[in-house]
Amino acid sequence: MRVATSVSATASTNKCARRRLAQLSVGGRTTSSQGRAAAFTERACLLACLIDDGGHALAAYDLHPALLALNIPVTNPRQLHKMPSMMKIALPALAAASGAYAACSTSATMTIQNAGDASAIASCSTFSGNIAIATGTTDDISLNGVKKIDGNLVATDNSDMKQISASDLEELDGEMQLDGLTRLYAVNFPKLKSVDSIKWNALPNLQEIGFTAEVTKANKVDIQNTALRSLKGINIEEVDTVFIANNGYIDEISMQLGNVSTSLTLADNNEAVKVDLPNLIWASNLTFRFCASVSVPSLERLNGSLGLYNNGFESFAAPNLTSVGEAVALVANENLSNVSFPMLGKISGNLQIANNSKLIEVDGFPALKSIGGAFDMSGNFTDVSTPKLNSVSGAFNLQSTDNVTETCATYKPLKEKKLIEGGYKCEGKLIDPAGEGHKGTKQGGSDDSTGAASTLSAATGALSLAAMAAVLLF
Numbered sequence: 098m099r100v101a102t103s104v105s106a107t108a109s110t111n112k113c114a115r116r117r118l119a120q121l122s123v124g125g126r127t128t129s130s131q132g133r134a135a136a137f138t139e140r141a142c143l144l145a146c147l148i149d150d151g152g153h154a155l156a157a158y159d160l161h162p163a164l165l166a167l168n169i170p171v172t173n174p175r176q177l178h179k180m181p182s183m184m185k186i187a188l189p190a191l192a193a194a195s196g197a198y199a200a201c202s203t204s205a206t207m208t209i210q211n212a213g214d215a216s217a218i219a220s221c222s223t224f225s226g227n228i229a230i231a232t233g234t235t236d237d238i239s240l241n242g243v244k245k246i247d248g249n250l251v252a253t254d255n256s257d258m259k260q261i262s263a264s265d266l267e268e269l270d271g272e273m274q275l276d277g278l279t280r281l282y283a284v285n286f287p288k289l290k291s292v293d294s295i296k297w298n299a300l301p302n303l304q305e306i307g308f309t310a311e312v313t314k315a316n317k318v319d320i321q322n323t324a325l326r327s328l329k330g331i332n333i334e335e336v337d338t339v340f341i342a343n344n345g346y347i348d349e350i351s352m353q354l355g356n357v358s359t360s361l362t363l364a365d366n367n368e369a370v371k372v373d374l375p376n377l378i379w380a381s382n383l384t385f386r387f388c389a390s391v392s393v394p395s396l397e398r399l400n401g402s403l404g405l406y407n408n409g410f411e412s413f414a415a416p417n418l419t420s421v422g423e424a425v426a427l428v429a430n431e432n433l434s435n436v437s438f439p440m441l442g443k444i445s446g447n448l449q450i451a452n453n454s455k456l457i458e459v460d461g462f463p464a465l466k467s468i469g470g471a472f473d474m475s476g477n478f479t480d481v482s483t484p485k486l487n488s489v490s491g492a493f494n495l496q497s498t499d500n501v502t503e504t505c506a507t508y509k510p511l512k513e514k515k516l517i518e519g520g521y522k523c524e525g526k527l528i529d530p531a532g533e534g535h536k537g538t539k540q541g542g543s544d545d546s547t548g549a550a551s552t553l554s555a556a557t558g559a560l561s562l563a564a565m566a567a568v569l570l571f
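So the mapping is simple: our numbering equals the position in the sequence shown, first residue as 1, plus 97.
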């Protein structure tokens, strides 16, 4: 079947077609992907109608820009009348393909106003560019058909959208940002396995994550202020940053993480949340606040700090941890009665244990040899034992409400041998034992007259202050 068979078309028709071609090729540009696709297709059909194989060029110079727009090279536009009939028949298909490419790629951001806009990219195996869902849309959005998005997927400040899904999406090479979607209750991406970052906030009706295949690759995960019950579906193996906070209903956090290159923070979620990280071997910084239990059985090395604040668990163990690059802080864990770090030999920053009212005996550091910052313990201790400790680069402070005379007798020789480089204070029977650099109140009401000198390095001192501030503020 031929698109055009003769020159019998009227001059007025040809003139009209040429005029429309000029508009599409030069002045009729559009930024929407659907508009570009339609323009490409119409341009090709008009070209096929105007180019006649009966020997007439039909104003070939007018057609030249349109062909260039379709990426069809023409060295001599006056020879267009020699174009084979099959090429004329193929032009609409060629234009449709070009239009499809345009619909699957954008240098800016594609804004989806409704469900129809979402379906327009269903034929795209890969969409290159950012996708933003309009704040005013009331439709549920389904990005079905797309297997990969080279860009961000963003939906913010929408009070009507209830569901977002992408049944075929396997990879999102950008950020999935969902923020301020107050009625959203379903996020269904059953095949998604890889995403650059997840950033969710203010999703008060989202209770489950529909990542059936499980996301195993992500650089950053930041989830705050949702109604999630668990993180089932997010099972990443390596990550740069994890921040999970203020999710009041979440009762389980379990991931197969092997390493954390920057930080993992789990804070202010449901106080009954159980944290299980069975495969975590090394991390830079770990912070746990208001957790019912924390399990890190495989953890061997921390390049940064470990912070345990305001947790509800009775015991904490890191059975394979050998070194900590910065500080260890156990602060205000009201039920904590046992800590176990059997292989920990070196802490490069401070060791701070404070305000853990049920922690009576501290004997969980049998292998600890050196502390690069301060040794700072205050509480209700009857006994503190670190039998292999032979180096403290900062101050030594041990204050207790109970009698620690025998304990102090074991540490005093370290100071006398100058193995403790900073100030030294070890005292018991205090009404209000205090942290390093502060005076404890003696039983009987008098203030203690001496305190350990604050000879911490700037870095370790800042870590100690940050830990105390965390207790006061939260």
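Glycine included, every Cβ here is placed at the ideal spot set by N, Cα and C.
Give a yes or no on whether the C-beta atoms belonging to residue i and residue j are separated by under 8 Å.
i       : j       : result
Val-370 : Val-357 : no
Leu-516 : Cys-505 : no
Ile-96  : Leu-328 : This structure gives no information on residue 96, because the portion of the chain shown stretches from 98 to 571.
Gly-470 : Ser-490 : yes
Arg-386 : Ala-364 : yes
Lys-514 : Phe-493 : no
Gln-66  : Ala-231 : Only positions 98 to 571 of the chain appear in the structure, and residue 66 is not among them; the question remains open.
Asn-376 : Ser-395 : yes
Asn-227 : Thr-253 : no
Leu-465 : Gly-446 : no
Ser-381 : Gly-401 : yes
Thr-384 : Thr-362 : yes
Ala-324 : Pro-301 : yes
Ala-200 : Ala-217 : yes
Where does residue i land, buried or exposed, given buried means 16+ other C-beta within 10 angstroms?
i       : result
Ala-157 : Residue placement at Ala-157 is poorly supported in this model, since its pLDDT is 41, which falls under 50; the coordinates are not used for a value here.
Pro-530 : buried
Ile-320 : buried
Gly-233 : exposed
Ala-310 : exposed
Ala-219 : exposed
Asn-453 : buried
Ala-145 : Residue placement at Ala-145 is flagged as unreliable, the pLDDT there being 48, under the threshold of 50; a coordinate-derived value is accordingly withheld.
Asn-500 : exposed
Lys-485 : exposed
Ser-222 : exposed
Asn-487 : exposed
Ile-528 : exposed
Gly-404 : buried
Asp-460 : exposed
Ala-315 : buried
Thr-279 : exposed
Thr-95  : With the chain represented from 98 up to 571, any question about residue 95 goes unanswered, as that position is not in the structure.
Asn-241 : exposed
Ala-415 : buried
Pull the bridge partners of residue i from the DSSP assignment, please.
i       : result
Lys-317 : Ser-294, Thr-338
Met-474 : Ile-450, Leu-495
Arg-398 : Trp-379, Ser-420
Ser-390 : Lys-371
Lys-244 : Partner(s): none; Lys-244 has no beta bridge.
Lys-443 : Ser-420, Ser-467
Leu-325 : BP columns for Leu-325 are empty, so no partner.
Gly-404 : Thr-384, Ala-426
Ser-202 : Ser-225
Cys-523 : Leu-495
Ser-239 : Ser-262
Ser-351 : Asp-373
Thr-253 : Asp-276
Ala-414 : Ser-437
Assuming the contact rule is C-beta atoms closer than 8 Å, residue i and residue j should be a hit. Round their C-beta distance to whole Å, please.
i       : j       : result
Ala-429 : Asn-407 : 5 Å
Gly-476 : Leu-448 : So it is not a contact: roughly 13 Å between Cβ atoms.
Asp-247 : Asp-270 : 5 Å
Met-273 : Leu-250 : 5 Å
Asn-432 : Phe-410 : 7 Å
Ile-350 : Val-372 : 5 Å
Glu-85  : Ser-291 : What is shown of the chain runs 98 to 571, which leaves residue 85 out entirely.
So that I know if they touch, is there some Cβ in chain D lying closer than 8 Å to that of residue i?
i       : result
Ser-497 : In the structure shown, chain D cannot be found, because there is only a single protein chain.
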